[in-house]
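The letter at position 79 of the sequence shown is residue 79 when you use UniProt numbering, and the numbering goes up by one with no holes.
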Amino acid sequence: MMKWNFEKNFDGTNYTAWKMRVRAVMEAKDLWDIATLRERPPRSGSRHDEDKFWHRERIAKAFLLETLTDDLVVSVGAKRYAYQALEY
């Protein structure tokens, strides 16, 4: 399992390198499409499919928050969805 190197957290000055690392890890964990809105909640389908999507959404947002310095977590943490945290 891949772990995030906290020494590489986004601090407001290392955006390009941070985003490349975040993208690589999120793609490996099948979360990148959620964070970039390429995958959206199922419009129709089973409750299980909806629950699975929202579970992955929460994981994506939590992962993104883990990759930020504390100062940025305070600003970004109030965002509801992963894509909002990524765009901030």
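For each residue, glycine too, the CB sits at the ideal point set by N, CA and C.
Nothing here was measured: the structure is a model prediction, and the numbers come from that model.
Residues that DSSP places opposite residue i in a beta bridge
| i | result |
| --- | --- |
| residue 10 | 68 |
Per-residue DSSP class, three states only, for residue i
| i | result |
| --- | --- |
| residue 49 | helix |
| residue 80 | coil |
| residue 54 | helix |
| residue 30 | coil |
Nearest residue (CA-CA) to residue i, options the options
| i | options | result |
| --- | --- | --- |
| residue 22 | 60, 46 and 73 | 60 |
| residue 62 | 26, 42 and 41 | 26 |
| residue 7 | 74, 75, 69 and 31 | 69 |
| residue 56 | 41, 66 and 46 | 41 |
8 Å contact criterion, which residue i and residue j should meet: CB distance rounded
| i | j | result |
| --- | --- | --- |
| residue 18 | residue 10 | 4 Å |
| residue 65 | residue 73 | 5 Å |
Any C-beta of chain D under 8 Å from that of residue i
| i | result |
| --- | --- |
| residue 19 | No chain D is part of this structure, which consists of one protein chain only. |
Quick check: the segment 20-37 against the segment 71-86, are at least 3 beta-carbon pairs closer than 8 Å? yes
With a cut-off of 8 Å, do at least 3 Cβ pairs link the segment 69-79 to the segment 41-50? no
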